[in-house]
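Notes follow once the structure below has been shown.
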Amino acid sequence: MAGEFVVLGLGSNRKNDGLDCVGLLGEAVRELSPSFSRFCCSSIYRTKPMYVEAQDDFFNMAMCGVLRERWEPLRFLGEIHRIEALLGRNRAAEIRNGPRSLDIDIEYFGGMKISEPDLTVPHPRVHERAFVLVPACEALSAFGGQDALIEEYSTFLGRIGACGVEKFMDSRDFQNLRARV
Numbered sequence: 001m002a003g004e005f006v007v008l009g010l011g012s013n014r015k016n017d018g019l020d021c022v023g024l025l026g027e028a029v030r031e032l033s034p035s036f037s038r039f040c041c042s043s044i045y046r047t048k049p050m051y052v053e054a055q056d057d058f059f060n061m062a063m064c065g066v067l068r069e070r071w072e073p074l075r076f077l078g079e080i081h082r083i084e085a086l087l088g089r090n091r092a093a094e095i096r097n098g099p100r101s102l103d104i105d106i107e108y109f110g111g112m113k114i115s116e117p118d119l120t121v122p123h124p125r126v127h128e129r130a131f132v133l134v135p136a137c138e139a140l141s142a143f144g145g146q147d148a149l150i151e152e153y154s155t156f157l158g159r160i161g162a163c164g165v166e167k168f169m170d171s172r173d174f175q176n177l178r179a180r181v
């Protein structure tokens, strides 16, 4: 039985274990992909940091698709945290909104509204984050069939603009890079 449609925002601004930020994003997609029956990835965008500005630029992308099975949202979040830790994230040692090897946020989970201590969906700051909205709109358009969500995200983006979000690597080039690894 197919699972929920989800949108994930992925970001990295710190190398880890010989992998640069793009490599870490590729590894994250590789680790996440078995959880999906079908998915699309956006291009990678280079963005200025928000909230804590004294850090390196981020490399951001979005991944959207249908989960292969029915996941409880908190269980899926646990899988995301496992992947983040595998790729070098240490939540206990980092500064909130500071540098990190990998950050994966659940932006949307099957239209659910979730308010738990460890998980809020839709993501509470998606409306102010061009670094999420630009790649998410791209991935959603490529996936197809998500017109209402594209319209919602496009409305948010129209309010804040896409300043500081620069395409770094096209989605086809990213897919080819992942295929070679």
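Under the UniProt record's numbering, read the sequence shown as residues 1 to 181, first letter to last.
Backbone N, C-alpha and C fix where the C-beta goes; we use that ideal spot for every residue, glycine too.
Would the beta-carbon of LEU87 fall within 8 Å of that of GLU151?
no
Pick helix, strand or coil for ALA62, following the three-state DSSP scheme.
strand
Which of the three DSSP states is assigned to GLY11 in this structure?
strand
Throw me the rounded Cβ distance for the ALA139 and CYS41 pair, which I believe falls under 8 Å.
6 Å
Excluding sequence positions up to five away, which residues of its chain have a Cβ less than 8 Å from the Cβ of ASN13?
CYS21, PRO49, GLN55, ASP56, ASP57, PHE58, PHE59, PRO99, ARG100
Note down the Cα distance separating ILE83 from THR155, rounded to an integer number of angstroms.
31 Å
For the 8 Å Cβ check, are there 3 or more pairs between the stretch 156 to 174 and the stretch 63 to 73?
no
If you count every other CB in all the chains shown that lies within 10 Å of the CB of ALA136, and 16 or more means buried, which is it?
buried
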